[in-house]
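> Protein chains in written order, with the numbering used here: chain A, 1 to 380; chain B, 381 to 760.
What follows is a single structure, and I will ask about it in a moment.
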């Protein structure tokens, strides 16, 4: 397979509610990413969205966005892996370009959670039989957090720096939802209890957003963009679907397997990763990804936050532009925001959040409660 | 890209309603296709389903089916393109294997339309703004049929052989929904008017089903199966999303473009195609695909049916195992049924429906009212 690079990015500010419709948002970032890449036409469009079936009564969104963007005619498909859909779409575009079937592909993620009841639709990422019995994504994460704290004797404020760091980083990201907000440890610890022990500031917000990237073969990347970013690895792994069926509910096997495959593809290991865009839909997921991907031992990931090693000057920066927590988590768009932000970091355009010497970045997306995990590694 | 072949198939009988759940049906055909290929493990699973979000309250079905089939751990993604989702999943698996990222991939389609209201969920393949104004897939196809008949002066019984031939062929397909039914021309012409001028027997049925295929590199195919079938082409094209935005509502541009790309990939033309599994969700779609793919001139496709040139002994057999009309159209599974049936035809296992000298077969899937069209060409 030939090498694949990112040569264009497009993102709009994440908002609690956008006036524009789904197709308009999607088409806007497609055109913006194509303009960034200096291309008028692409061979294929891969779209990600999780909730339009329920919230907008709309399926078939890849062809819809292609048409709205003036690209009717091209290949256009939608890829689904629950909350990891954006990364799944990125992976399929990577295969389309890497295989030689497409020379230019755009990947677009869009979600408009402000219309209708997002939470019940999101819970469909879990086993419907469990949902019938009352499970939600929030209850699943609350259960995991409770068990994690108890088993590993984590103090009540042990994970508090996950949202604190995310919010601090969001302040300098013009596309972040919470760029005006300052969040301190005590704000997290006193925020509303959503589902004991999960508090409001442990959870990512409901919001609208859209982001896109343009891919091309690495050998052609310089013709489109003087500063392309290479996709060094792309991998998907799954785990047992239900948390209760796993040998250890506190271990993200899919995150471990997916990261392991990605390290092998990129021929590097976690020590070579300069920053890690985690899927911090809930702080506990970020913590467990750090462990699964090899940055901390089982039960010790929270210490990376407690010791501030995850901030911009730490040894393993995460959520460098705000993460899901503070940039926002418009689900189908989230991994595309991550990808855009990683391109900014790797090309020295991350503004006040710019990391020093960022040459290799990793991102993970999680579908369901750790069921599907998709890892990408980018480099310059 | 390396060549890709089909080395295993699995299908269950299409039924009006199955007692088993979605995941059970999906896992059953996955295991059955893997057994046919003689493999215990695959690298990746690509799943197709259109309606489980609404009808079963279940998303994230690729990982769910992988787990149920005992394959938890592997890459598992769901691909969506409305009613063409099965072909979209087949295409993504083709890219995964062709690119070298997977050596064995299973593609599974499953749909359980017997639970809940399938029709409103299906209409989400159209523009939600049109649906608000009363459009349904049936109304769109009725409009097209009315215009087609008028513009091309087609007699009332002009298209009647599409369902007649499909039902005749279904009688010898053990997996067909309507294998007990005899349908004559006058049955079609006197069947209930569903949406003028569409009658019941012009439309494919609501039903449950599941089918799967296993892919591997052509160079390894003989190690799995002495009679592999090669995928000679795989292509996707889209059209303007709304029928009303197209220059000619009676011309399937996406079917033309998709077939054209496929002919070029396979380095052959329509004269080399021995049979054509069309997407006869409505007879008029089959008719228009024959025109778009080059088997008849615009406005003349119905004559291929009227002159019986589409039956098993005709020059361009279609719906050789019953088609969507009579085998059934469990949406997400449909293209996988088509693929299984084409493998049977190309390997001389189609029983009483066996075509003479079938060496090259083509299949098309249509999403929405001609918006997305996916073409595959298979050969031995």
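All C-beta atoms in this analysis are idealised placements derived from N, C-alpha and C, irrespective of residue type, glycine included.
From the DSSP output, in three-state form, read off residue 436 of chain B for me.
On the second chain, residue 436 of chain B is found 56 positions in, with the first residue counted as 1. Residue state, collapsed to three classes: coil.
> For residue 56 of chain A, count neighbouring C-beta atoms within 10 Å of its own C-beta (all shown protein chains included) and say buried if the count is 16 or more, exposed if not.
As a first step, residue 56 of chain A must be located in the first chain, where it is residue number 56. The residue is buried, with at least 16 neighbouring Cβ atoms inside 10 Å.
> Look at the alpha carbon of residue 643 of chain B and the alpha carbon of residue 649 of chain B, and state the distance between them as a whole number of angstroms.
Looking up residue 643 of chain B in the second chain gives position 263. Looking up residue 649 of chain B in the second chain gives position 269. Distance between the alpha carbons of residue 643 of chain B and residue 649 of chain B: 5 Å.
> Within the stretch 11 to 74 of chain A, note down every full beta strand (DSSP E) run reaching 3 residues or more, in order along the chain.
Counting only runs of 3 or more, we get 44 to 48.
> Residue 603 of chain B: which of B/581, B/496, B/483 and B/634 sits nearest, CA to CA?
By one-based count along the second chain, residue 603 of chain B stands at place 223. Closest option to residue 603 of chain B, Cα to Cα, is B/483.
> Can you tell me the Cα-Cα spacing of residue 368 of chain A and residue 83 of chain A, whole angstroms?
In the first chain, counting from the first residue as 1, residue 368 of chain A sits at position 368. In the first chain, counting from the first residue as 1, residue 83 of chain A sits at position 83. Going by the C-alpha atoms only, they are around 7 Å apart.
> What first and last residue would you give for the alpha helix (DSSP H) that runs through residue 512 of chain B?
In the second chain, counting from the first residue as 1, residue 512 of chain B sits at position 132. 508 to 512 is the span of the alpha helix (DSSP H), which, as asked, contains residue 512 of chain B.
> Does any CB atom of chain B fall closer than 7 Å to the CB of residue 283 of chain A?
Position 283 of the first chain, counted from the first residue, corresponds to residue 283 of chain A. With 7 Å as the cut-off, residue 283 of chain A does not count as an interface residue toward chain B.
> Would you say residue 750 of chain B faces chain A, with C-beta separation under 7 Å as the test?
Counting from 1 along the second chain, the entry for residue 750 of chain B is found at position 370. Taking Cβ atoms only, chain A never reaches closer than 7 Å to residue 750 of chain B, which makes this a no.
> Contact defined as beta carbons within less than 8 Å: I believe residue 434 of chain B pairs with residue 143 of chain A. What is the distance between those atoms, to the nearest angstrom?
The count along the second chain starts at 1 and reaches residue 434 of chain B at position 54. The count along the first chain starts at 1 and reaches residue 143 of chain A at position 143. Not confirmed; about 28 Å, so no contact.
> Taking the straight line between their C-alpha atoms, what separation do you get for residue 183 of chain A and residue 21 of chain A?
As a first step, residue 183 of chain A is located in the first chain; it is residue number 183 there, counting from the start. As a first step, residue 21 of chain A is located in the first chain; it is residue number 21 there, counting from the start. Going from the Cα of residue 183 of chain A to the Cα of residue 21 of chain A covers about 31 Å.
> Can you give me the C-alpha to C-alpha distance between residue 533 of chain B and residue 634 of chain B, rounded to a whole angstrom?
The residue labelled residue 533 of chain B in the question sits at position 153 within the second chain. The residue labelled residue 634 of chain B in the question sits at position 254 within the second chain. Near 25 Å, if we compare the C-alpha coordinates of residue 634 of chain B and residue 533 of chain B.
> Can you check whether the C-beta of residue 238 of chain A is within less than 7 Å of a C-beta belonging to chain B?
As a position in the first chain, residue 238 of chain A is number 238, starting the count at 1. Closer than 7 Å: yes.
> Let's see if you can read the secondary structure: which residues bound the beta strand (DSSP E) around residue 195 of chain A?
Position 195 of the first chain holds residue 195 of chain A. That run of the beta strand (DSSP E) goes 193 to 195.
> Residue 462 of chain B CB to nearest chain A CB: under 7 Å?
The residue given as residue 462 of chain B occupies position 82 in the second chain. So yes, residue 462 of chain B belongs to the interface.
> Taking the alpha helix (DSSP H) that residue 301 of chain A falls in, what are its first and last residues?
In the first chain, residue 301 of chain A corresponds to position 301, counting from 1. Here the alpha helix (DSSP H) through residue 301 of chain A covers 301 to 306.
> Of all the CB atoms in chain B, is at least one closer than 7 Å to the CB of residue 75 of chain A?
Reading the first chain from its first residue, position 75 is the one you call residue 75 of chain A. It does: the Cβ of residue 75 of chain A has a partner Cβ on chain B nearer than 7 Å.
> If I measure Cβ to Cβ from residue 385 of chain A and keep anything under 7 Å in the same chain, skipping five residues before and after, which residues do I get?
Lying before the first or after the last residue shown, residue 385 of chain A is absent from chain A, which here runs from 1 to 380.
> Give me the Cα-Cα distance between residue 365 of chain A and residue 277 of chain A, rounded to the nearest whole angstrom.
To locate residue 365 of chain A, count along the first chain from 1; it is residue 365. To locate residue 277 of chain A, count along the first chain from 1; it is residue 277. Going from the Cα of residue 365 of chain A to the Cα of residue 277 of chain A covers about 9 Å.
> So residue 660 of chain B and residue 630 of chain B are supposed to be a Cβ contact under 8 Å. How far apart are they, rounded?
As a first step, residue 660 of chain B is located in the second chain; it is residue number 280 there, counting from the start. As a first step, residue 630 of chain B is located in the second chain; it is residue number 250 there, counting from the start. That pair is no contact at about 17 Å.
> Kindly say whether residue 208 of chain A, judged by its beta-carbon, lies nearer than 7 Å to any beta-carbon of chain B.
The residue given as residue 208 of chain A occupies position 208 in the first chain. Chain B contact via Cβ: absent.
> Grab me the residues of residue 217 of chain A's own chain with a C-beta within less than 7 Å of its C-beta, minus the 5 sequence neighbours each way, in chain order.
In the first chain, counting from the first residue as 1, residue 217 of chain A sits at position 217. Contacts found: 2, 3, 4, 97 and 103.
> Rank A/351, A/48, A/301 and A/373 by C-alpha distance to the C-alpha of residue 236 of chain A and give the top, closest one.
By 1-based counting over the first chain, the position of residue 236 of chain A is 236. That would be A/373, whose Cα lies nearest to the Cα of residue 236 of chain A.
> List, in chain order, every chain B residue whose beta-carbon is nearer than 7 Å to that of residue 391 of chain A.
With chain A running from 1 to 380 in the structure shown, residue 391 of chain A is simply not present.
> Any beta carbon of chain B sitting closer than 7 Å to that of residue 220 of chain A?
For the purposes of this step, residue 220 of chain A is identified with residue 220 of the first chain, where counting begins at 1. Judged by the 7 Å Cβ criterion, residue 220 of chain A is not in contact with chain B.
> Looking only at its chain, what residues have a beta carbon closer than 7 Å to the beta carbon of residue 159 of chain A, apart from the 5 residues adjacent to it on each side?
Sequence index remark: in the first chain, residue 159 of chain A carries index 159 (1-based). Within the same chain, residue 159 of chain A has close Cβ partners 283, 284, 287, 302 and 305.
> Taking Cβ positions, are residue 261 of chain A and residue 504 of chain B nearer each other than 7 Å?
Start at 1 with the first residue of the first chain, and residue 261 of chain A comes out as number 261. Start at 1 with the first residue of the second chain, and residue 504 of chain B comes out as number 124. No, the Cβ-Cβ distance between residue 261 of chain A and residue 504 of chain B is not below 7 Å.
> Excluding the five sequence neighbours on either side, which residues of its own chain have a C-beta within less than 8 Å of the C-beta of residue 316 of chain A, listed in chain order?
Here residue 316 of chain A refers to the residue found at position 316 of the first chain. Closer than 8 Å at the Cβ level, and outside the excluded window around residue 316 of chain A, lie 273, 275, 276, 290, 295, 304, 309 and 310.
> How is the beta strand (DSSP E) around residue 558 of chain B delimited, first residue to last?
On the second chain, residue 558 of chain B is found 178 positions in, with the first residue counted as 1. Residue 558 of chain B -> no beta strand (DSSP E), and no H or E assigned at all.
> Unbroken alpha helix (DSSP H) runs of length 4 or more, entirely within the stretch 143 to 174 of chain A: which are they?
161 to 170, all fully within the stretch 143 to 174 of chain A.
> Considering only C-alpha positions, which residue in the set B/736, B/722, B/730 and B/734 is nearest to residue 759 of chain B?
Against the second chain, residue 759 of chain B aligns to sequence position 379. Per the Cα distances, B/722.
> Nearest by alpha-carbon distance to residue 467 of chain B: which of B/575, B/737, B/711 and B/622 is it?
Taking the first residue of the second chain as position 1, residue 467 of chain B is located at position 87. Of B/575, B/737, B/711 and B/622, the residue nearest in Cα terms is B/711.
> Using the three-state DSSP reduction, which class does residue 235 of chain A fall into: helix, strand or coil?
In the first chain, counting from the first residue as 1, residue 235 of chain A sits at position 235. Note: residue 235 of chain A maps to strand in three-state DSSP.
> Got a sec: is the Cβ-Cβ distance from residue 288 of chain A to anything in chain B below 7 Å?
The count along the first chain starts at 1 and reaches residue 288 of chain A at position 288. False, the Cβ-Cβ gap to chain B never drops below 7 Å.
> Would you call the CB atoms of residue 388 of chain B and residue 428 of chain B closer than 7 Å?
Counting from 1 along the second chain, the entry for residue 388 of chain B is found at position 8. Counting from 1 along the second chain, the entry for residue 428 of chain B is found at position 48. Cβ atoms of residue 388 of chain B and residue 428 of chain B: not closer than 7 Å.
> Residue 440 of chain B CB to nearest chain A CB: under 7 Å?
Taking the second chain and counting its residues from 1, the one referred to as residue 440 of chain B is at position 60. Interface residue, yes.
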